[in-house]
Structures are given as structure tokens and as C-alpha cells.
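The block underneath contains the structure these notes are about, expressed in C-alpha cells.
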Amino acid sequence: MRRFVLLTAFCLAVGCGADPGAVVPLDGDVDDETGADSSTGDAADAALGDASETSADASSEDAADAPPAKTKTVLRVHYPAGTKTVTLRGSTAPWTWEKGAAMTAGEGDTWTLETDALTADAEWKPLLDDSTWSRGPNYKVKVGTTVDVWPHFVTVKGKVEKRWPAFASTALSSTRGVWVYYPPTYLENARARFPVVYMHDGQNLFDPSLAFGGNEWKVDETMDAAAEDGSIREAIVVGPENTSQRIYEYTPTSNASYSPSGGGDLYLKLLVDELKPKVDSELRTLTARESTVIIGSSLGGLISAYAGTKKAATFGLIGAMSPSTWWDGKAILGLVSASKDAASHPLKVYVDSGDSGSSSDDMANTKLLADAYRSIGYVDDVTLKYVVQKGATHSEVYWAQRLPGALSFLLGAR
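In case it helps, the numbering used here puts the sequence shown at residues 138 to 551.
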């Protein structure tokens with residue numbers, strides 16, 4: 138250990154002719170004993186005390202000057218590139234937007250880059266052969282984190298098909314067509330899995346020639362645009378068609394003015410026990426409730442809200458657009474308010490209406506539904522989104538306009 142002893146103090150202790158202001162470095166370990174007699178010990182102890190403080194200060198300065206510990210940042214791109222390579226470009230050193238950094242190919246079509254040179258949060262994008270950029274907005278990474286992405290590079294639009302033209306339900310003793318929308322990444326990247334959005338009235342979702350009044354929801358256009366701008370997570374959309382028994386299937390309770398009615402539990406059985414298992418077994422889905430949406434309008438909004446009270450373990454994300462809250466003496470309000478167990482609640486709920494047309498799109502009752510959710514703990518703009526569209530009537534035209542905001546709240550951005 139190196140200590141610096143003031144010669145001034147040493148001379149006071151033993152006497153010498155040296156300059157009292159000089160500092161003498163003593164190499165090697167130094168005993169606490171100075172060799173001075175007892176009559177001069179206090180001065181020597183004071184000198185050694187000063188030396189100890191100087192040594193501690195030097196150690197602190199050395200620690201402060203030491204370089205910070207390096208933090209590893211890991212980026213993983215999951216993509217079946219075939220014979221191509223994957224690189225990345227980014228906003229912050231050690232990356233640039235001008236030239237790609239090589240990623241390392243691994244098992245399962247995983248490309249990895251690890252670095253301890255990133256010192257600030259960054260935006261980045263993967264490229265194929267350092268020439269074809271991934272589609273959609275930039276990805277983001279924080280220093281010291283691991284980020285996994287499942288990009289697509291060439292596919293611009295998703296695909297719509299009537300995947301099951303005659304889906305048979307034992308619960309309802311009926312058959313119906315089921316439409317499916319596949320997002321762009323689904324078509325290109327076989328490693329990617331997706332949330333699923335279950336929407337009622339499937340014939341109204343994609344094709345104006347089939348939709349009620351010739352007005353479709355433009356679901357595929359909405360989802361394709363979101364895949365480009367990142368405003369909504371890419372998702373599979375599953376749309377079972379309605380049947381001649383729509384009122385029966387979409388109502389949770391019986392209403393003497395409408396017969397038959399109150400078959401909602403059987404319709405939910407179709408969705409949960411018959412359709413969802415088939416979807417999950419045949420398509421690349423994320424199956425947990427936080428990745429499963431149920432959303433609809435009018436009676437479809439009513440049955441979606443009801444699903445949140447009965448099947449929240451399956452549907453964690455609920456969308457009730459212009460819901461028929463008036464049904465059966467507003468029975469849905471009591472069903473929602475009675476859901477006291479927060480652990481069994483849906484994770485997020487979206488409720489909306491217009492304010493024009495017949496009965497102002499049932500706006501007053503829809504507000505009561507939003508209040509019922511608030512009464513059991515839902516928080517506006519966190520777990521509950523309530524929207525009133527000015528000038529909107531009870532129509533597919535306006536539901537199509539509000540759908541992007543509804544899905545953005547429920548699914549979040551990419």
C-alpha cells in the first residue's frame with residue numbers, strides 16, 4: 138500500500154532540516170508505528186491520520202474515474218430468410234441508417250445481434266440482404282434489454298377467405314360460414330403468432346356485396362393500414378356469419394316481445410367450445426385471454442358485453458359498439474355491476490355510441506353501461522374506453538369509422 142506522509146509532521150516528531158512543506162512518498166506497506174518516542178506520538182499520529190484520509194480520497198476518485206460496467210443489449214429477429222441474410226440498421230451508435238450490422242443466424246430461423254456498445258435507447262429496423270427494409274414503423278430498444286420481433290418485408294396486404302363455408306355447431310344445431318382475415322406478416326412469416334379478434338355478423342365485415350345495406354366494416358382495409366403504420370397490433374380476425382336466428386343467438390336473456398330470444402349462452406358455447414379450439418388448432422394464434430378480443434355492434438355489442446361477464450377467462454378484451462343496452466329492461470347493466478370479482482374481469486373494455494338518429498343511437502343507455510364498468514373498478518383510458526361519435530347514427534358506416542380506435546385501445550400498437 139502506498140502512503141504519503143507529510144515530512145513536516147515527521148520533522149516535528151524526530152527533528153530534521155528538511156523543507157517542512159515537502160511531501161515524501163513511502164513505497165510498500167508502512168507500519169502504523171512511526172518509531173517516535175511517546176513524547177512526540179500525538180504529532181506522528183496526526184500525520185498518519187492525514188495520510189489515511191488522502192489515501193481514501195484517492196480510492197474514491199479512482200472508482201469515479203473507472204469506466205461504467207458494460208450492459209448487454211440483445212436483438213432477435215425471427216424470420217425464415219432462406220438463403221438471404223438479415224442485417225439491422227439503427228439510429229444510435231454502434232449502428233447507423235447507412236450500413237447494416239450483420240446478425241447471426243441461429244436455430245429456428247432466429248437472427249441475433251448482441252452488443253455492449255449501445256449507450257442510448259435506439260430505433261432500428263431489420264433488412265434482408267441489407268437492401269429490403271422490414272415493413273411498418275421502426276422498432277425501439279432500450280439499453281440493456283432483449284427485444285424479439287417477427288417482421289415482414291414484402292407482403293403489403295392481408296388475405297380474406299371464407300375458411301369454413303359450413304361450420305357446424307352442436308350447441309346451436311346449425312351451420313354457418315366463418316370468415317377469416319390473415320394479416321400480412323401471417324402470410325409471409327411462418328414463425329409469427331397472432332392475437333385473434335372474434336367479430337359477429339361475419340358477412341358484414343369484408344365485402345359490400347354481402348354486407349347489410351351494402352356497407353361493410355372495412356376490417357381488412359383497417360388492419361392492412363395498421364400493419365403499415367403500426368397503430369394496431371397485427372391480428373387474425375374471425376367472423377362467424379349470423380343466421381336467421383340472430384336475435385336468439387345474440388341475446389343473453391329472454392324478452393317476451395321477441396321470440397325466440399335468450400340463446401346467448403349457447404352462442405358463446407359455439408364460440409368458446411367449438412370455434413375457438415378449431416381456430417387455435419389450425420391457425421398460428423396466441424391463445425391466452427390477453428390476446429383474444431370479442432367485439433360487435435348493436436346486439437353484437439350486447440353479446441360481447443355479456444361474454445365479458447361469463448367468459449372473461451377466454452375473452453380478455455371486450456368491444457361493445459352501439460350495444461343494445463336497452464334489451465330486456467337493461468338487464469346487461471345488472472349483469473356487469475354484479476361482476477364484483479376483479480380477478481375475473483376482462484382486462485380492457487371498449488364502449489361507444491353515436492349521438493344521432495333514432496333514440497340517438499341509444500346513447501343514454503350506453504353511458505349507463507360505461508358507468509356500470511366504472512362502478513366495478515374500470516378506469517377511463519386505462520382499462521375502459523368510452524367514446525361518443527358526434528353526428529353518428531346506428532350504422533355500419535360509423536362502426537367502420539370507429540373500429541380503428543376500438544382495436545387500437547384493445548390490442549395496443551405494434
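We put the beta carbon where it would ideally sit given N, CA and C, even for glycine.
From P274 to W261, what distance separates their C-alpha atoms? Stepping through the sequence shown from its first residue, residue 274 is reached at position 137. Stepping through the sequence shown from its first residue, residue 261 is reached at position 124. Answer to the nearest angstrom: the Cα atoms are 9 angstroms apart.
CA nearest to the CA of A393, picked from T462, T380, A450, G466: Taking the first residue of the sequence shown as 1, we reach residue 393 at position 256. Comparing Cα positions, the closest option is G466.
K209, buried or exposed, once every other Cβ within 10 Å from all chains shown has been counted against 16: On the sequence shown, position 72 is the one that residue 209 refers to. It is exposed - the Cβ of K209 has fewer than 16 other Cβ atoms within 10 Å.
Limits of the unbroken alpha helix (DSSP H) element including T322: As a first step, residue 322 must be located in the sequence shown, where it is residue number 185. Its alpha helix (DSSP H) spans residues 321-325.
Residue nearest to R272 in terms of C-alpha spacing, selected from F349, V291, V278: Numbered from 1 along the sequence shown, position 135 holds the residue referred to as residue 272. Closest option to R272, Cα to Cα, is V291.
Can you tell me whether S532 is buried or exposed, with buried defined as 16 or more other CB within 10 angstroms of its CB? Along the sequence shown, one-based indexing puts residue 532 at 395. When all chains shown are included, S532 counts as buried.
Who are the Cβ neighbours of T530 in its own chain at under 7 angstroms, not counting the five residues just before and after it? What you label residue 530 is simply residue 393 of the sequence shown in a count that begins at 1. Its chain contains G491, S493, G494, D498 as the residues whose beta carbon lies nearer than 7 angstroms to that of T530, once the 5 sequence neighbours on both sides are disregarded; these appear in chain order.
According to DSSP, residues forming a beta bridge with D377: What you label residue 377 is simply residue 240 of the sequence shown in a count that begins at 1. Position check: residue 377 holds Pro in this sequence, whereas Asp was assumed. Answer is V315, bridged to P377.
With contact counted as at least three CB pairs below 8 angstroms, one residue from each stretch, are the region 330-338 and the region 422-438 in contact? Yes: the two stretches touch, three or more of their Cβ pairs being nearer than 8 angstroms.
Can you tell me which of the three DSSP states L408 falls into? Start at 1 with the first residue of the sequence shown, and residue 408 comes out as number 271. For L408, the three-state secondary structure derived from DSSP is helix.
Quick one: residues in its chain with C-beta nearer than 8 angstroms to the C-beta of S474, no 5 flanking neighbours on either side, listed in chain order? One-based indexing of the sequence shown puts residue 474 at position 337. Answer for S474: A509, S512, I513, listed in chain order.
According to DSSP, is K504 part of a helix, a strand, or is it coil? Within the sequence shown, numbered from 1, the residue matching residue 504 stands at position 367. Looking at K504 - three-state DSSP - the assignment turns out to be helix.
When P397, S310, K207, R213 are compared against A238, the one with the closest alpha-carbon: Residue numbering aside, residue 238 sits at position 101 when the sequence shown is read from its first letter. Of the listed residues, the one whose Cα sits closest to A238 is R213.
For K133, which three-state DSSP category applies? Only positions 138 to 551 of the chain appear in the structure, and residue 133 is not among them; the question remains open.
Best match in K485, S459, P288 for proximity to V534 [C-alpha to C-alpha]: As a working mapping, residue 534 is identified with position 397 in the sequence shown. The shortest C-alpha separation from V534 is found at S459.
If you pair each beta-carbon of the region 444-464 with each one of the region 350-359, do three or more pairs fall below 8 angstroms? No, they do not touch.
Rounded distance between the beta-carbons of V486 and L521, thought under 8 angstroms: Here residue 521 refers to the residue found at position 384 of the sequence shown. Here residue 486 refers to the residue found at position 349 of the sequence shown. The pair is a contact, with the Cβ atoms about 5 angstroms apart (cut-off 8 angstroms).
Should the region 295-308 be called in touch with the region 381-397, which here means at least 3 C-beta pairs below 8 angstroms? no
I want to know whether the region 370-386 touches the region 339-348 - three or more CB-CB distances under 8 angstroms. Yes, the region 370-386 is in contact with the region 339-348.
Considering Cα atoms alone, identify which of E386, L225, T390, Y385 is closest to L470. Position 333 of the sequence shown, counting from 1, holds the residue named residue 470. It is T390.
Spell out the partners DSSP gives W287 in its beta bridges. Position 150 of the sequence shown, counted from the start, is the residue given in the question as residue 287. Beta-bridge pairing links W287 to no other residue.
Between the Cα of R330 and those of R313, E298, V293, V286, spot the shortest distance and give me the residue it belongs to. Position 193 of the sequence shown, counting from 1, holds the residue named residue 330. Cα-wise, what sits closest to R330 is V286.
Of all the options A507, Y216, D517, S418, which has the alpha carbon lying nearest to the alpha carbon of D266? In the sequence shown, residue 266 corresponds to position 129, counting from 1. Nearest of A507, Y216, D517, S418 to D266, Cα basis: Y216.
Exposed or buried, what is V317 when buried is set at 16 or more other beta-carbons lying within 10 Å of its beta-carbon? Start at 1 with the first residue of the sequence shown, and residue 317 comes out as number 180. Flag for V317 reads buried.
List the endpoints of the continuous beta strand (DSSP E) containing Y387. Indexing the sequence shown from 1 puts residue 387 at position 250. From DSSP, Y387 is part of no beta strand (DSSP E) but of the alpha helix (DSSP H) over 383-387.
Host beta strand (DSSP E) of K413 (start-end): Position 276 of the sequence shown holds residue 413. That residue, K413, is in no beta strand (DSSP E); its alpha helix (DSSP H) goes 413-419.
According to DSSP, is S434 helix, strand or coil? Here the question's residue 434 lines up with position 297 in the sequence shown. Strand, per DSSP.
Pick out whichever of V488, G314, S435, K221 has its Cα sitting closest to the Cα of L347. For the purposes of this step, residue 347 is identified with residue 210 of the sequence shown, where counting begins at 1. It is G314.
Between R551 and W463, what straight-line distance do the alpha-carbon atoms span, to the nearest angstrom? Numbered from its first residue, the sequence shown carries residue 551 at position 414. Numbered from its first residue, the sequence shown carries residue 463 at position 326. If I take the Cα positions, the gap works out to 36 angstroms.
What distance in whole Å lies between the Cβ atoms of I384 and L436, which are believed to be in contact at a cut-off of 8 angstroms? Position 299 of the sequence shown holds residue 436. Position 247 of the sequence shown holds residue 384. Confirmed, Cβ separation roughly 7 angstroms.
Limits of the unbroken beta strand (DSSP E) element including L521: Residue mapping note: residue 521 aligns to position 384 of the sequence shown, counting from 1. That run of the beta strand (DSSP E) goes 521-526.
Note down the Cα distance separating L484 from A507, rounded to an integer number of angstroms. Here residue 484 refers to the residue found at position 347 of the sequence shown. Here residue 507 refers to the residue found at position 370 of the sequence shown. Roughly 15 angstroms between the two C-alpha positions.
Mind checking which residues open and close the alpha helix (DSSP H) that includes M336? Taking the sequence shown and counting its residues from 1, one reaches residue 336 at position 199. Premise fails: M336 lies in the beta strand (DSSP E), 333-336, not in any alpha helix (DSSP H).
State the Cα-Cα distance for the pair A537 and D366, rounded to the nearest angstrom. Position 400 of the sequence shown, counting from 1, holds the residue named residue 537. Position 229 of the sequence shown, counting from 1, holds the residue named residue 366. Whole-angstrom Cα-Cα distance: 18 angstroms.
Might you give, ordered along the chain, the residues of its own chain that have their beta carbon closer than 7 angstroms to the beta carbon of L408, omitting 5 neighbours on each side? The sequence position of residue 408 within the sequence shown is 271, counting from 1. Cβ neighbours of L408 beyond the five flanking positions: Y335.
For the beta strand (DSSP E) that Y276 lies in, which residues bound it at each end? Mapped onto the sequence shown, residue 276 falls at position 139. Looking at the DSSP string, the run of the beta strand (DSSP E) that includes Y276 is 276-278.
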